[in-house]
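Only one structure is covered here, and it is reproduced in the block below.
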Amino acid sequence: MTFPFNNKNKYIATSPAKIILFGEHSVLYGSKCISIAIKKHGKVNSIPGKGKIICKDSTGKMAVLNEVLDFKFVNSDVIIELEMPMGSGLGTSAITCLLISAMISVNDNDPPYQKEKVHEGLSVLTRRAINLEHVFHGKSSGTDVITSLFGGLICYQDKLVRRMDDSHITKYKIIVWNSGIQKKTSDSCKLKTNTHKKLYDIAEEAYEILSDSFTLKEFYDLVRRSQDCLEELVKVPEEMKTEIRRLRRFNIESKISGSGNGGHLVTLINKDENVNGWEEVEIDYEGFHFMK
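Take 14 as the starting number for the sequence shown in the numbering used here and just add one per residue.
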């Protein structure tokens, strides 16, 4: 059964996508992970039904999640609509988990939700979303959920959330390239290696550099080193390698966003530049929220 997109603005909650700049993989072993919430969203609503949890993406692909999650709602179908393809490396599983967790809160008549501050402990809704994401990815760091929850430029390390000053990164244009290849985080390398230590060190350097005024040359050096490490850890599709090397002819370095073997590439360029086939994305500052 195909559900049309809801055009009546009766959504209950919404949550943004994310891109990871540095620290994917190594965040599982204690490193910093630096990520950005972007203005691509998932939204959720419900209709009378038999308890199905249905996710539909921007390509029209639909997935029924009840069997994966092993539960259903009573007397209603929960419909999640994504403005991006599933498995595109933009955190669609984290968006889905936050929105399902929100619907559980609604279903259980929980007290009105007040988003926690970055320095506070995580709410029941957020902890539940992270636990749900474990179902999709095995051990999850929680980075994707946290970034989607808070919005903005985030550094996450050992369950500590830092909101970073984004005034330096917004001097540049954030661009992404969609490979069209569905990624599978579960296929990524899970065993700790020396490459994880390299990614750990790169993330530490990136935190210092991005916290102050920086040049694209400094940023590209980190991106190149990070991408080289990622190619040691995961099987990067040839199409993505080809695009990375195409940009190098223009002295632009780019990298995979996220830990899987597909999805999007990401980089920064000057405001007055454009790259054919790449899309500019804006930072989402609002993060997850219930809609009025």
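Heads up, the beta-carbon is just placed ideally off N, CA and C, and yes, glycines get one too. For clarity, every value in this text was computed on a predicted model and none was experimentally measured.
Per DSSP, which one or two residues make a beta bridge with residue i?
{"i": "residue 50", "result": "31"}
{"i": "residue 175", "result": "168"}
{"i": "residue 26", "result": "57 and 303"}
{"i": "residue 76", "result": "68"}
{"i": "residue 280", "result": "188"}
{"i": "residue 296", "result": "51"}
{"i": "residue 4", "result": "As shown, the chain starts at 14 and ends at 305. That puts residue 4 outside it, with no answer to give."}
{"i": "residue 95", "result": "55"}
State the DSSP-derived secondary structure class of residue i, mapped to helix, strand or coil.
{"i": "residue 17", "result": "For residue 17, the predicted model reports a pLDDT of 44, less than 50, meaning its position is unreliable; a value from the coordinates is still stated below. Residue 17 falls in the coil class under three-state DSSP."}
{"i": "residue 231", "result": "helix"}
{"i": "residue 90", "result": "strand"}
{"i": "residue 147", "result": "helix"}
{"i": "residue 303", "result": "strand"}
{"i": "residue 206", "result": "coil"}
{"i": "residue 59", "result": "strand"}
{"i": "residue 135", "result": "coil"}
{"i": "residue 253", "result": "helix"}
{"i": "residue 103", "result": "coil"}
{"i": "residue 244", "result": "helix"}
{"i": "residue 130", "result": "coil"}
{"i": "residue 268", "result": "strand"}
{"i": "residue 285", "result": "coil"}
{"i": "residue 39", "result": "helix"}
Compute the distance between the beta-carbons of residue i and residue j, then report whether it is under 7 Å.
{"i": "residue 24", "j": "residue 164", "result": "no"}
{"i": "residue 45", "j": "residue 170", "result": "yes"}
{"i": "residue 48", "j": "residue 160", "result": "yes"}
{"i": "residue 26", "j": "residue 227", "result": "no"}
{"i": "residue 57", "j": "residue 112", "result": "yes"}
{"i": "residue 238", "j": "residue 265", "result": "no"}
{"i": "residue 242", "j": "residue 208", "result": "yes"}
{"i": "residue 89", "j": "residue 59", "result": "yes"}
{"i": "residue 86", "j": "residue 55", "result": "no"}
{"i": "residue 294", "j": "residue 51", "result": "yes"}
{"i": "residue 97", "j": "residue 69", "result": "no"}
{"i": "residue 162", "j": "residue 177", "result": "no"}
{"i": "residue 250", "j": "residue 275", "result": "yes"}
Of all Cβ atoms in chain C, is any one closer than 7 Å to the Cβ of residue i?
{"i": "residue 255", "result": "The structure shown has no chain C; it contains just one protein chain."}
What distance in whole Å lies between the Cβ atoms of residue j and residue i, which are believed to be in contact at a cut-off of 8 Å?
{"i": "residue 236", "j": "residue 192", "result": "About 17 Å separates the two Cβ atoms, so there is no contact after all."}
{"i": "residue 189", "j": "residue 32", "result": "6 Å"}
{"i": "residue 158", "j": "residue 81", "result": "Their Cβ separation, rounded to whole angstroms, is 17 Å, which puts residue 158 and residue 81 out of contact at 8 Å."}
{"i": "residue 212", "j": "residue 36", "result": "7 Å"}
{"i": "residue 279", "j": "residue 78", "result": "Residue 279 to residue 78, Cβ: 27 Å. No contact."}
{"i": "residue 38", "j": "residue 281", "result": "That belief does not hold up - the Cβ atoms of residue 38 and residue 281 are roughly 21 Å apart, past 8 Å."}
{"i": "residue 225", "j": "residue 181", "result": "6 Å"}
{"i": "residue 138", "j": "residue 114", "result": "5 Å"}
At a cut-off of 6 Å, is residue i close to the ligand GDP when judged by its beta-carbon and the heavy atoms of the ligand?
{"i": "residue 175", "result": "This structure lacks the ligand GDP, and indeed carries no ligand of any kind."}
(message) Does the structure place the segment 123-135 close enough to the segment 86-103 that three or more beta carbon pairs sit under 8 Å?
(response) A contact between stretches requires three or more CB pairs, one per stretch, nearer than 8 Å, and the segment 86-103 fails this requirement with the segment 123-135.
(message) Counting beta carbon pairs with one atom in the segment 180-197 and one in the segment 131-146, are three or more of them shorter than 8 Å?
(response) They do not touch, by the three-pair rule.
(request) Count the CB pairs spanning the segment 96-105 and the segment 266-282 that are closer than 8 Å, and state whether there are at least three. (result) Output reads yes: the segment 266-282 touches the segment 96-105.
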